[in-house]
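*Asks:* Just so we're aligned: the sequence shown equals residues 137 to 211 in my numbering. Ideal Cβ positions, reconstructed from N, Cα and C, are used throughout, including at glycine. Being a predicted model, the structure only gives us computed values, none of them experimental.
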Amino acid sequence: MSGKTMLVTVIGRKTGNRYTTPVHYAQRNDRLYLVSRDARTWWRNLRGGGAVTALVRGDTWTGVGRPVTGLDDIR
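#1: To the nearest angstrom, how far is the alpha carbon of Pro158 from that of Arg173?
#2: Where does Ala190 land, buried or exposed, given buried means 16+ other C-beta within 10 angstroms?
#3: Give the C-beta separation of Tyr169 and Tyr161 to the nearest angstrom, bearing in mind that I take them to be a contact with Cβ-Cβ under 8 Å.
#4: Across which residues does DSSP place Val200 in a beta bridge pair?
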């Protein structure tokens with residue numbers, strides 16, 4: 137993927153299935169910030185925190201993802 141696009145994999149809360157999708161991201165130190173439209177549904181599986189696997193520039197990252205949706209929180 138490019139320097140602005142990565143693959144993220146999340147596990148469905150209801151189905152337990154793995155979903156992988158390309159997303160735009162920004163990196164700051166050891167954190168990745170992903171950007172997605174509200175219309176996309178993959179990020180809803182991260183409400184309350186959820187396991188995430190990310191493929192970034194050939195490296196695999198694992199961690200916990202949490203959605204931020206309010207404009208005040210994003211700022």
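*Replies:* For this structure:
#1: Spanning the alpha carbons of Pro158 and Arg173 requires a straight line of approximately 12 Å.
#2: With 16 or more other Cβ atoms from the protein chains shown falling within 10 Å of its own Cβ, Ala190 counts as buried.
#3: Right, their Cβ atoms sit about 6 Å apart.
#4: Per DSSP, the beta-bridge partners of Val200 are Ala187.
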